[in-house]
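In what follows, a structure is listed as structure tokens, so that the remarks can point back to it.
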Amino acid sequence: MAQVYLAGPISDEENPYQWHQDVAALAPEIDWCNPFTLNDYSLDEAKTHTAEIFAEDLQAVQNSAAVLVRRIDEYNLCGASMEAFAAYQHDIPVIVWNDDDTGIPLFLEAVATDVYQNKSDAVEAIISELESSSSPE
Numbered sequence: 001m002a003q004v005y006l007a008g009p010i011s012d013e014e015n016p017y018q019w020h021q022d023v024a025a026l027a028p029e030i031d032w033c034n035p036f037t038l039n040d041y042s043l044d045e046a047k048t049h050t051a052e053i054f055a056e057d058l059q060a061v062q063n064s065a066a067v068l069v070r071r072i073d074e075y076n077l078c079g080a081s082m083e084a085f086a087a088y089q090h091d092i093p094v095i096v097w098n099d100d101d102t103g104i105p106l107f108l109e110a111v112a113t114d115v116y117q118n119k120s121d122a123v124e125a126i127i128s129e130l131e132s133s134s135s136p137e
């Protein structure tokens, strides 16, 4: 199945990519792209390679059939919002998993294809998007 780009924060937990892995486990047939694994720069090294990392991430978005954005409250989603907008500009579906009880920012809602309150529904929407885009009209 097609690639889906995962946009959103890493966690402060022992495994910073746990939510990425949890999403991938729900639909292992999808090629999930975790942008934090596209290169192996340390946080300090990344600061001197920002243009390269930014270009690489945006290329990965453009190579994806959809983008899944995980939104949590009180977290700066600057990168994820830019990735969502890049997808929107290329007519790539943007599914938002609003993992909080608060509403999403208006600009994120403007580029979102759909917004879901839980992970399972968001993944099901991704699967539906992929199936509908691959089926003949």
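In this text, residue positions in the sequence shown follow the working numbering: the first is 1, and each later residue adds one.
Heads up, the beta-carbon is just placed ideally off N, CA and C, and yes, glycines get one too.
Since this is a predicted model, take the numbers as computed values, not measurements.
Once DSSP output is grouped into helix, strand and coil, what is the label at residue i?
i, result
"D31", "strand"
"A7", "strand"
"L38", "coil"
"A65", "coil"
"T50", "helix"
"A2", "coil"
"D12", "coil"
Given a threshold of 16 other Cβ atoms within 10 Å of its Cβ, counted over all protein chains shown, does residue i qualify as buried or as exposed?
i, result
"E129", "buried"
"A122", "buried"
"N76", "exposed"
"A86", "buried"
"D12", "exposed"
"N98", "buried"
"D57", "buried"
Thinking C-alpha only, which one of the options is nearest residue i?
i, options, result
"W32", "I53, E13, A2", "A2"
"P35", "P28, A87, H20", "H20"
"V94", "A51, G103, A110", "A110"
"I72", "E52, Q117, H49", "Q117"
"I81", "L106, S64, S11, S133", "Looking at the sequence itself, residue 81 is Ser, so the reference to Ile does not match. Considering only alpha carbons, the answer is L106."
"V115", "P9, V61, V67", "V67"
"T102", "E74, A86, S133, D22", "E74"
"A7", "V96, S132, E124", "V96"
Considering only residues of the same chain and omitting the five flanking positions on each side of residue i, which have a CB-CB separation below 7 Å?
i, result
"S149", "Shown here, the chain extends from 1 to 137; a query on residue 149 therefore has no answer."
"A46", "I53"
"Y88", "V94, V111"
"A60", "Y5, C33, P35, L38"
Apart from the five residues just before and just after residue i, which ones in its own chain have a Cβ nearer than 8 Å to its Cβ?
i, result
"V4", "I30, D31, W32, C33, S64, A65, A66, V67, L68, I126, L130"
"A84", "A7, V67, V69, V94, V96, L108, V111, A112"
Could you name each continuous beta strand (DSSP E) segment of 3 residues or more that falls completely within the region 71–137, going from the start of the chain to the end? As far as the region 71–137 is concerned, its whole beta strand (DSSP E) runs of at least 3 residues are 94–98, 114–116.
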